[in-house]
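Asks:
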Amino acid sequence: MKKKIALISSSVLVLLLIAMAIFAPWLAPNDPYATNMALKLQGFSTDYPLGTDYLGRCVLSRLLYGARVSLFIALSVLVVTLFISMFVGLLAGYVGGIVDLVLMRICDIFLAIPDFVFALVIVGALGGGIRNMFIAIVLVSWVGFARIIRNMVRSLKESTYVQYARTIGVPKRKIMIRHIVPFVFPQILLLKLIGLGSTILLISELSFLGLGVSAPMAEWGMMISDSKTYLMSHPMLMFLPGIMISFTVLILNWFGDALREAMDPKAI
Amino acid sequence: MGRFLAKRLGSMLLAFFGMTIIAFGLIRVIPVDPVEAYFTMNQIPISEEGLASMREEEGYNRPLLVQYSTWLVDAMTLDFGESFVSKKSVTAELLQRFHVTLTLAATAFIMIVTVSLTVGIWSATKRGGFIDWLSRSFIFTLASMPSFWLAFVFVYIVALKWGLLPLMGWGSFAHVILPAGTLALGFIPYYIRLIRSSMLEEVNKPHVVFARARGVKESVIIRRHVVKGILPQLVTSLAMTCGGLLGGAAIIEIVFTISGVGRFVVESMFARDYFVLQGFIVMIGGLYIVFNFVADLLCALVDPRVRIKGDGA
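From first to last, the protein sequence lines stand for chains A and B. According to full-length UniProt numbering, the stretch in the first sequence is residues 1 to 268, in order. According to full-length UniProt numbering, the stretch in the second sequence is residues 1 to 313, in order.
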């Protein structure tokens, strides 16, 4: 019962978060990109509920729009890496032999560089911008999962029902699609959902360094970076985006944990 | 043990060469021509002849494999070429800043180990109690906060409002506390969770239950059996964290304006100083691989099961 309550309430929060991102244009009181130098660095007011930044842009509107960027990138990374890891993991695990050896050594290489350094250097080499940040995050996130899938597939291959299917002559491809994928997929999806929070953190870190989204776009990490100079006089400009990131990650982590407990605590 | 060692050594070397291929390849996949970048950087007017002669000189028109092997031989002797910006050797530039990052990472590492072990063990032994609940909720919240943001919050509260610690810069031990602490905070939640959950698993193992049945004191059980049981996993994770700390220090160095390797690399990135990036990957990647190798050895020494099973894949 306790598990159910956790799952339901965290799902509601996740839905609220998504709704906030989708309906940002209707929820935002002002245009997040409209600058107004006469009204820069204002405090809380009825027109600008959370004040304005150093260019006179509405902070609340920018915070709401920021949810779009982070969630959109994080979800696209999830979908794309899900496919890449599934493909590599299934291939290595089921075909085995030399294919397995080569693919796993490639994974070793990707694992030989710390995630953050790797992402940093890829974005650095390709240049900033959403697309390149996306590529970098995908490149660092697929490896670990591919290996987990590969190990799962290898143990599944030895299970009685797969062996039986093989004995009665079911073709390889059909065994994969009918017997292996349906078992592996939900567990990997679960792991990916649990990892959503850390993807959002990585996005904000890269954007903070100025390697993520480009200038006028509203993104939380970049808002923190923009407010550096005003830390002394206007600390709220720095506190608010960080609180948004923390809440988003907190909700996603909570949702992931609740989901894991509800599904099967021992499966993974 | 010999077989285990050979296998590990082999995969370590393989990973190292793969990593150098990535470091080398990176410069070839970038949308900017390194020779052109060099010209723009030094404000030399770009002419076709100039570019061509430079390419000839630097060997950019030779086959890729030849280029790679020359580069690798140089890299093995720690020669990554000169920085576009400062005209000094990349290795010298990196090494000059390395001790700063190392101090930061080492302090953070000590903080991680002491705090996580204390809180983790405490939390696990008092499972279900108030302390356990408090530490778990705290850890859960902490894990959701971006470390660079926490750094600013600390700067604001501890340095600006209370004036307890120096705001920024480098020099004395007081300068290290805040940045190293923030760096450590990014990893501590993970470790407390790891220690707590693996200890709870360990507590129910037969040898521990037997020790308790024999009437061995609880503190001795924890020390001799439970903590020893979680060591291999802990050591493996800590080795990865070592590399992560050295690389992840970049953001913290930027927030606190400390001139360490990470900040230098991020600055070089904006200046499109690619040789610095290459040198950095090889250096951090190399250290990372060595750390993992040492961790594997330590695990094999502590736990005979690792030696026998060997591959682990």
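Glycine included, each C-beta is placed from N, C-alpha and C at the ideal position.
Judging by CA-CA distance, which residue of A:THR46, A:PRO182, A:VAL69 is the nearest neighbour of A:CYS58?
Replies: A:THR46
Asks: Please classify B:ILE254 as buried or exposed, where buried requires at least 16 other C-beta atoms within 10 Å of its C-beta.
Replies: buried
Asks: Are A:LEU111 and A:LYS192 close, meaning C-beta to C-beta below 8 Å?
Replies: no
Asks: Which residues bound the alpha helix (DSSP H) around B:HIS207?
Replies: Per DSSP, the continuous alpha helix (DSSP H) segment holding B:HIS207 begins and ends at 206 to 214.
Asks: Is the segment 234 to 248 of chain B in contact with the segment 64 to 83 of chain B, if contact means three or more CB pairs nearer than 8 Å?
Replies: no
Asks: Using only the alpha-carbon positions, how far apart do B:ALA124 and A:MET217 sit?
Replies: 45 Å
Asks: How would you call B:ASN204, buried or exposed, if buried means at least 16 neighbouring beta carbons within 10 angstroms?
Replies: Burial call: exposed.
Asks: At what residue ranges does the segment 51 to 125 of chain A contain a whole run of the alpha helix (DSSP H), taking only runs of 4 or more?
Replies: Those alpha helix (DSSP H) runs which fall completely within the segment 51 to 125 of chain A and span 4+ residues are 59 to 90, 97 to 111.
Asks: Taking 8 Å as the CB-CB limit, is B:TRP149 close to chain A?
Replies: Yes, contact with chain A.
Asks: At least one CB of chain B closer than 8 Å to the CB of A:ILE245: is that the case?
Replies: yes
Asks: Would DSSP call A:GLU219 helix, strand or coil?
Replies: Judged by DSSP in its simplified three-state form, A:GLU219 adopts coil rather than helix or strand.
Asks: What are the start and end residues of each continuous alpha helix (DSSP H) run of 4 or more residues lying completely inside the segment 54 to 142 of chain B, in chain order?
Replies: 64 to 76, 90 to 125
Asks: Is it buried or exposed, A:ALA215, if we count other Cβ atoms within 10 angstroms and call 16 or more buried?
Replies: Exposed, by the Cβ-count rule.
Asks: Cα separation between B:LEU231 and B:LEU194?
Replies: 11 Å
Asks: Run through the segment 163 to 223 of chain A for me and flag every whole alpha helix (DSSP H) of 4 or more residues, listed as ranges in chain order.
Replies: Complete alpha helix (DSSP H) runs here, min 4: 172 to 175, 181 to 208.
Asks: On the premise that A:VAL249 lies in contact with A:GLY197, defined as a C-beta separation below 8 Å, what is that separation, rounded to the nearest angstrom?
Replies: 4 Å
Asks: Could you tell me the distance, in whole angstroms, from the CA atom of B:LEU150 to the CA atom of A:PHE134?
Replies: 25 Å
Asks: Grab me the residues of B:ALA313's own chain with a C-beta within less than 8 Å of its C-beta, minus the 5 sequence neighbours each way, in chain order.
Replies: Per-residue confidence for B:ALA313 stands at a pLDDT of 38, beneath the threshold of 50, marking its modelled position as unreliable; no derived number is given.
Asks: Between which residues of its own chain and B:VAL115 is the CB-CB distance below 6 Å, once the five residues before and five after are set aside?
Replies: ILE188
Asks: Are the CB atoms of B:ILE222 and B:MET12 within a distance shorter than 8 Å?
Replies: No. Outside cutoff.
Asks: Going by DSSP, what residue range makes up the alpha helix (DSSP H) through B:PHE275?
Replies: 274 to 302
Asks: Could you give the C-beta distance for B:ILE281 and A:ILE113, rounded to a whole number, given that I count them as a contact under 8 Å?
Replies: Indeed, because the Cβ distance is near 6 Å, the residues count as touching under 8 Å.
Asks: Along chain A, in chain order, which residues have C-beta atoms closer than 8 Å to that of B:ILE254?
Replies: LEU209
Asks: Report yes if the CB atom of A:VAL79 is closer than 8 Å to the CB atom of A:ASP115, and no otherwise.
Replies: no
Asks: With 9 Å as the limit, tell me which residues of the segment 111 to 124 of chain A have their beta carbon closer than that to any beta carbon of chain B; keep them in chain order.
Replies: Flagged, chain order: LEU111, ALA112, ILE113, PRO114, ASP115, PHE116, VAL117, PHE118, LEU120, VAL121, ILE122, VAL123, GLY124.
Asks: For A:ALA267, count neighbouring C-beta atoms within 10 Å of its own C-beta (all shown protein chains included) and say buried if the count is 16 or more, exposed if not.
Replies: Confidence at A:ALA267 is low in this model, with a pLDDT of 46, below 50, so the placement of that residue should be treated as unreliable; the coordinate-derived value is given next. Under a 10 Å Cβ-count criterion, A:ALA267 is classified as exposed, with fewer than 16 other Cβ atoms of the shown protein chains found around its own Cβ.
Asks: Please state the DSSP three-state secondary structure of B:ARG28.
Replies: B:ARG28 falls in the helix class under three-state DSSP.
Asks: Measuring straight from C-alpha to C-alpha, what distance separates B:ALA15 and B:ASP303?
Replies: 24 Å
Asks: Is B:ARG214 buried or exposed, if buried means 16 or more other CB atoms sit within 10 Å of its CB?
Replies: If you draw a 10 Å sphere on the C-beta of B:ARG214, you find fewer than 16 other C-beta atoms in it, and that means exposed.
Asks: Determine the chain B residues that contact A:ASN253 at a beta-carbon separation under 8 Å, and present them in chain order.
Replies: PHE140, ALA143, SER144
Asks: How should B:HIS207 be labelled, buried or exposed, when 16 other C-beta atoms within 10 angstroms of its C-beta is the threshold for buried?
Replies: exposed
Asks: Between the segment 229 to 245 of chain A and chain B, which residues of the former have a C-beta closer than 8 Å to a C-beta of the latter?
Replies: Within the segment 229 to 245 of chain A, those residues whose Cβ lies closer than 8 Å to any Cβ of chain B are, in chain order, LEU231, MET232, PRO235, MET238, PHE239, PRO241, GLY242, ILE245.
Asks: With 8 Å as the threshold, decide whether the Cβ of A:ILE130 is near any Cβ in chain B.
Replies: no
Asks: Beta-carbon of B:TYR155 versus every beta-carbon of chain A: anything under 8 Å?
Replies: Looking at the sequence shown, residue 155 of chain B is not Tyr but Val. Yes, contact with chain A.
Asks: Where does A:TYR33 sit, in a helix, a strand or coil, going by DSSP?
Replies: In this structure, A:TYR33 counts as coil in the three-state DSSP scheme.
Asks: Shorter than 8 Å from the beta carbon of B:PHE80 to some beta carbon of chain A?
Replies: no
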